[in-house]
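In mature numbering (1 follows the signal peptide of the UniProt record, and there is no 0), the protein residues as written are -24 to -1, 1 to 737. Cβ atoms here follow ideal geometry from the backbone N, Cα and C, with glycine treated the same way. Notes follow the structure.
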């Protein structure tokens, strides 16, 4: 539930409450086939979900006695703005409630007047006119609240979002009272696949480059911080990067962008992690006591000309089409220097976090058929604030304060794309504005000006913190034009206009389009196409002014005819139907706890190894987890499968194996066995997957690395699950306690759970 600055209480409409059931009825049997995701470990907030025919079942459970919120976000964004929500709980009078809600757009309060606090004016969770939730059961026993509800996958209600096949962006929140209200930092976002199969995974590759922040001490004094570190790729030969994977993701990582940069002074300032800054290390460029750092995007000083990868909360692998790759090497059109920018979100002011987030870049030694390219359309070098001395066809200039809706548009015209050597295939894009953005999209037109459709996805409920690469497949023919539309709201700003510039407190309007085959203009990268001061920038700035710029007459004003959300989300279209309450049910007496096995002596030596894997949490069903346990136990001599514990708890799949042995001789024996089975990625894959049940997702080891174990002996493995696509990561923690049969058997049989901790946003 969002904040409203000084108006943080919900604006609730009256409800007609009808009691159902009989108080004291036993809670129904929940049955099987549920998938489980952990949303917030601090209160053990869990969502159990399954789909039965065309109905979605949700069981929200937490060690908590207030309200629980859960929802489905706009697929191209992921924020609470634009989300379809349900709030549920058990009131003090024993009534179970579940209320169908939605959140509309709300303008940011981000400005110097508020010390750059990114709050939202009037953001609230409004009741749907037509409530589509049905309460199956609910209870609050022993401080644990659980509510089971259902709703159709597709309700036909424009105040709802359809639950579709594949990964769905979700949001969640909770509060301590019985009446839903502002949640503060008790919120998060992520992805869940409620039904449908995962997309294909990463194909064949020859190697992987791993790059990550070098133990960055996240600032505790800023809620929002932007930190940067530069990295290089080998240039001894040309290679193609074919995919990226995020690694070492923490709850503080909000989004990340990988910039194509130059070896210059700015790059030199960021060879170790620091706040993104146009100054040396001792001058970090703090924006305010609330926000620190400023993105290198669009700055000539930074010398960063484009993007190659981005990540946002809930995302996993980005896999390029089989026909193309990102060329790594030296020379025109090749990448060698990059800067990783990470946005940190720390609303609670936590201290002591050392961050190592980064990425893996998977490459092939033999380049593919096409080099991929990236072109920035809209306002490539941030000059929409340049007011012309002569009349122009569209409105330009800085954004005035206190306005609910301001429109800016820019053309990538026919006169520029006609220089393409042939049709190009767009396969992805990233829309980019800052805090005052409200809505954004790019249109396609042919050479006659006929509308062809949207160029990729639109975002109708913009938020600066939710920027991500999105799949977008379409063709751009020579002579086609692209029109980028950006809508802004300065409604909550009262301390002056907003300029167009690179700092986060200013604004931008850019669409980064990824395509192939890469194009050149005047033998330089065709990297930009859009409005620029007194003309249109076409190709590269390095071409020289006379050939890089076309006359301003090539810019076209196409208006805001497509401003309206085609889904009409938030607009009521069904008759009134209020939410309905129910009596809470009576849970069965709890089963006696299992007899705890004897604890393992701390003095026994251990051999440990770890595995990191990607994939959607729903891919790791209980049968898959059991299969991993059995695979390891079957391979190592003397290991009992009942000594293996598996827990899914975080944002990347980390399989930690701890083998407890009886003496030093046993350490040598087990270490030798483990080393043999981790001698190569192929061997490690067989080690972990030999006993997986039929039909399980394909799990593959991509890298083996050494890690310190409790006894000084340790190895580590990074695993990739071939469930691929742009999906969330999960954490599998496997603790295997093993002794050889000649020694005492210390069984460690723990609770086996499947779930995912969504990163807080």
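Under the assumption that residue 16 contacts residue 244 (Cβ atoms under 8 Å), give the Cβ distance between them as a whole number of angstroms. Wrong, their Cβ atoms sit about 41 Å apart, outside the cutoff.
Going by the beta-carbon positions, is the gap between residue 404 and residue 447 smaller than 8 Å? Yes, the pair counts as a contact, with Cβ atoms nearer than the cut-off.
Taking C-alpha atoms, which residue in 356, 662, 556 lies nearest to residue 606? Scanning 356, 662, 556 for the CA closest to the CA of residue 606 turns up 662.
My understanding is that residue 284 touches residue 314, with C-beta atoms under 8 Å, so please give their C-beta distance in whole angstroms. That pair is a contact at about 7 Å.
Take the Cβ of residue 559 as the centre, count every other Cβ of all protein chains shown within 10 Å, and call the residue buried at 16 or more, exposed below. In summary, residue 559 is buried, with 16 or more beta-carbon neighbours lying within 10 Å of its beta-carbon over all protein chains present.
What whole-angstrom Cβ distance do residue 494 and residue 347 have, given they're in contact under 8 Å? Right, their Cβ atoms sit about 4 Å apart.
Rounded to a whole number of angstroms, what is the C-alpha to C-alpha distance between residue 551 and residue 545? Distance between the alpha carbons of residue 551 and residue 545: 16 Å.
Mapping DSSP to helix, strand and coil, what is residue 612? Residue 612 carries a coil assignment under DSSP once its states are collapsed to helix, strand and coil.
Assigned secondary structure, residue 296 (DSSP; H/G/I helix, E/B strand, else coil): Look at residue 296 here: in three-state DSSP terms it is coil, with no helix or strand label.
Counting Cβ pairs, one atom from each stretch, are 3 or more of them under 8 Å apart for the region 392 to 404 and the region 433 to 441? Short answer: they don't touch.
Using only the alpha-carbon positions, how far apart do residue 609 and residue 20 sit? Going from the Cα of residue 609 to the Cα of residue 20 covers about 30 Å.
Quick one: is residue 523 buried, meaning 16 or more other Cβ sit within 10 Å of its Cβ, or exposed? The C-beta of residue 523 has fewer than 16 other C-beta atoms within 10 Å across all chains shown, which makes the residue exposed.
Using the Cα positions of residue 488 and residue 298, report the straight-line distance between them to the nearest angstrom. Roughly 20 Å between the two C-alpha positions.
Nearest-angstrom Cβ-Cβ length linking residue 214 and residue 389, presumed shorter than 8 Å: Wrong, their Cβ atoms sit about 33 Å apart, outside the cutoff.
Tell me whether residue 449 is buried or exposed, calling it buried when 16 or more other Cβ atoms sit within 10 Å of its Cβ. With fewer than 16 neighbouring CB atoms inside 10 Å of its own CB, residue 449 falls in the exposed class.
Grouping DSSP H, G and I as helix and E and B as strand, with all else coil, what is residue 237? Residue state, collapsed to three classes: strand.
Can you say whether residue 94 is buried or exposed, counting buried as having 16 or more other CB atoms within 10 angstroms of its CB? Its Cβ being crowded by 16 or more others within 10 Å, residue 94 is buried.
Identify, in the order they occur along the chain, each residue of the same chain with its Cβ nearer than 8 Å to the Cβ of residue 492, setting aside the five sequence neighbours on each side. The residues are 297, 299, 300, 346, 347, 348, 349, 400, 401, 403.
Start and end residues, alpha helix (DSSP H) containing residue 561: It is not in any alpha helix (DSSP H) - residue 561 carries neither H nor E in the DSSP assignment.
Can you check whether the CB of residue 321 is closer than 8 Å to the CB of residue 230? The answer is yes: Cβ separation under 8 Å.
Extent of the continuous alpha helix (DSSP H) to which residue 505 belongs: If you look at residue 505, you'll find it isn't in any alpha helix (DSSP H); it sits in the beta strand (DSSP E) that goes 504 to 508.
Nearest by alpha-carbon distance to residue 53: which of 217, 375, 433 is it? Of the candidates 217, 375, 433, the one whose C-alpha sits nearest the C-alpha of residue 53 is 433.
I'd like to check one pair, residue 138 with residue 106: are the Cβ atoms closer than 8 Å? Between residue 106 and residue 138, the C-beta gap is not smaller than 8 Å, which leaves the two residues out of contact.
With DSSP run on the structure shown, which of helix, strand or coil describes residue 603? Correct three-state label for residue 603: helix.
Does DSSP classify residue 19 as helix, strand or coil? Here residue 19 sits in helix by DSSP.
Burial state of residue 58 (16 or more Cβ within 10 Å): Looking at its Cβ environment, which holds 16 or more other Cβ atoms inside 10 Å, residue 58 is buried.
Decide if the region 119 to 128 is in contact with the region 24 to 35; the criterion is three or more beta carbon pairs, one per stretch, under 8 Å apart. The region 119 to 128, when compared against the region 24 to 35, does touch it at the 8 Å Cβ threshold.
Exposed or buried, what is residue 536 when buried is set at 16 or more other beta-carbons lying within 10 Å of its beta-carbon? By the C-beta density criterion, residue 536 is exposed, having fewer than 16 other C-beta atoms within 10 angstroms.
DSSP three-state label for residue 391, please. Annotated three-state conformation of residue 391 is helix, per DSSP.
Going by DSSP, what residues sit across from residue 205 in a beta bridge? Looking at the DSSP assignment, residue 205 forms a beta bridge with 316.
What are the partner residues of residue 78, as DSSP defines its beta bridges? Bridge partners of residue 78: 60, 102.
Helix, strand or coil: which one does DSSP assign to residue 244? Correct three-state label for residue 244: helix.
Distance, residue 310 Cα to residue 316 Cα: So the alpha carbons of these two residues sit roughly 17 Å apart.
Secondary structure at residue 703, three-state DSSP: helix, strand or coil? Any reading at residue 703 needs caution, since the residue's pLDDT is 30, under 50, leaving its predicted position unreliable; the model's value is listed next. Annotated three-state conformation of residue 703 is coil, per DSSP.
What is the DSSP secondary structure of residue 567, reduced to helix, strand or coil? The pLDDT assigned to residue 567 is 49, lower than 50, so where the model puts this residue is not dependable; a value taken from the coordinates is nonetheless given after this. It is coil, neither helix nor strand.
Residue closest to residue 77, alpha-carbon to alpha-carbon, out of 307, 381, 312, 48: Out of 307, 381, 312, 48, 48 has the C-alpha closest to the C-alpha of residue 77.
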